[in-house]
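Undergrad: Numbering (this note's numbering), first residue to last: 11 to 344.
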Amino acid sequence: MPIASIVVPAFNAARTLSETMESLLSQTLRDYEVIIVNDGSTDNTREIARGFTNDARVQIVSQPNRGLAGARNAGIAVACGKYIGFCDADDIWMPEKLATHVRHLERSPDVGVSFSGSQLIDEATRGTGLAQRPKLRNVTTAHVLRRNPVGNGSAAVMPRQALADIAWRPWFEKSHDWVFDETFRQSEDIECWMRLLLTTDWRLEGVPGLLTGYRIASGGLSAATDRQLASWERMIAKLRPYNPAFFARHEHAARAYQYRYLARRAISSLDRKTAWEMATGSMACSSHPLVHEPLKTATTFGAAVVLMALGHKPIDFLSNLIAKRATSPERTAQ
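#1: Indicate the three-state DSSP secondary structure (helix, strand or coil) for Ile176 in the structure shown.
#2: Name the DSSP bridge partner or partners of Phe96?
#3: Restricting to Cα atoms, I'd like to know which of His302, Leu317, Ala247, Ala255 is closest to Ser278.
#4: Determine the DSSP secondary structure at Val149, reduced to helix, strand or coil.
#5: Just checking, does the region 31-41 make contact with the region 115-134 on the three C-beta pairs under 8 angstroms criterion?
#6: Do three or more CB pairs link the region 169-181 to the region 45-55 at distances below 8 angstroms?
#7: Please find out if some non-hydrogen atom of the ligand ADP comes closer than 6 angstroms to the beta-carbon of Asp187.
#8: Opposite Phe125 in the DSSP bridges: which residues?
#9: Taking the beta carbon of His260 as the centre, do at least 16 other beta carbons fall within 10 Å, making it buried, or is it exposed?
#10: On the DSSP letters alone, give me the boundaries of the beta strand (DSSP E) that Thr138 sits inside.
#11: Could you check how far apart the C-beta atoms of Gly80 and Ser15 are, in whole angstroms? I think they sit under 8 angstroms.
#12: Taking just the CA atoms, how far does Asn83 sit from Asn148?
#13: Hey, quick one: how far does the alpha helix (DSSP H) through Ile70 stretch, first residue to last?
#14: Please report how far the alpha carbon of Thr110 lies from the alpha carbon of Val88, in whole angstroms.
#15: What is the DSSP secondary structure of Val160, counted as helix, strand or coil?
#16: From the DSSP output, in three-state form, read off Gly50 for me.
#17: Considering only residues of the same chain and omitting the five flanking positions on each side of Ile226, which have a CB-CB separation below 6 angstroms?
#18: Let's test the definition: count the other Cβ atoms within 10 Å of the Cβ of Tyr252 and tell me whether it reaches 16, buried, or not, exposed.
Next comes the structure, spelled out in C-alpha cells:
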C-alpha cells in the first residue's frame with residue numbers, strides 16, 4: 011500500500027491534464043498512487059489519462075458527471091494511501107509538495123488538513139505575479155470561515171482518518187460515502203474544512219512555500235460570482251445549526267470578506283456593476299476587513315469606484331503595469 015494517494019478530478023480537462031499529471035509524477039516522494047477520476051468528460055480526457063497508465067502508480071476511475079465533490083468522493087473511495095491529497099486537473103504541484111505534506115502530517119498527528127500557499131498561474135501556465143500566502147499557524151475556525159487559508163482545492167493533503175471522521179452516506183447513495191457534499195458545485199471545499207473543524211478535534215495547519223500552481227481561468231467556476239455567493243450562503247445555512255453561537259459571532263465578518271473577495275474577482279473581470287455591489291456590500295456587512303486589512307480593503311473599494319466611474323481603461327493600465335513588473339528579469343530572478 012502506498013503511503014499517499016493523489017486524487018485528480020477531471021472533467022473535460024484534455025487541454026491541461028497532461029501538464030497536471032507530469033507535475034504529479036515528478037514528486038520527490040516516490041511511494042504514492044495517482045487516481046484520475048474521469049467525471050463524465052465528453053472530450054478526450056479519458057484517452058489522455060490512459061496514456062499515463064503505463065506507470066503502475068496511475069489508475070483511472072470513470073463515472074457519469076457528479077461534479078468536483080463527487081469526483082473527489084469517488085477517488086477517496088478507492089484510494090489506498092494513509093494520506094490523501096487533491097489536485098484539480100488544471101492545477102500543478104511543485105515536485106516537493108507531497109513529501110513536504112507527508113512529513114508535516116507524520117510529525118503533527120492532530121492535523122487534519124495540511125496546506126500550503128499557491129502561486130497563481132494563467133491559462134498558459136505563466137505566473138501572474140500573484141500568490142496566495144495564507145496564515146499557516148494557529149488557524150482558528152473563525153479564521154477559516156473568514157479567510158479560508160487553504161485557498162483552493164488543490165492545496166490540501168489530509169489523513170485518511172480525518173476524511174473517515176466526517177464521511178456519511180445519504181439515504182439515496184448506493185455506491186460510496188460522501189466526504190465532500192455533492193449537492194454543492196462550489197464552496198464544497200470550505201464546507202468540508204468547516205465541517206471538520208466544527209464536528210471533530212482535527213486542526214488545520216499550513217507549511218511554508220508556494221507548493222501549488224493554481225490556475226485562474228476566466229471561464230472557470232471561480233469567475234461566476236453570483237453562483238459562488240449563492241453557494242457560500244447555502245454553506246453558511248447548512249453549517250449554522252452545528253454551532254449557532256459561533257456563527258452569530260463570526261458570520262457577518264465572514265460575509266464581508268466573501269463580498270470583498272468577489273469584488274476583487276469582478277474587478278479582474280472588469281464587471282463594474284458586480285464589483286460595485288460586492289465592494290459596497292462588504293462595507294455594509296462588517297468593518298472587520300477594513301480594521302484588520304485596511305490597505306487591501308481600501309484598495310478594493312477604490313478600484314471598484316474607479317471602475318464604476320471611469321470604466322476599465324485605468325484598471326487595464328494598472329494591470330498591464332503590474333504584469334510587466336511581475337515578469338521583469340529583476341522580479342523573476344528573486
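By construction, the Cβ of each residue, glycine as well, lies at the ideal position given by its N, Cα and C atoms.
Note that the structure is a prediction, hence the values are computed from the model and not measured.
TA: According to the data block:
#1: coil
#2: Val17
#3: Leu317
#4: coil
#5: no
#6: no
#7: The ligand ADP is absent from the structure shown, which contains no ligand whatsoever.
#8: Gly216
#9: buried
#10: 137-142
#11: Contact flag wrong, Cβ pair sits at about 17 angstroms.
#12: 28 angstroms
#13: Not the alpha helix (DSSP H): Ile70 falls in the beta strand (DSSP E), residues 68-73.
#14: 23 angstroms
#15: coil
#16: coil
#17: Leu130
#18: exposed
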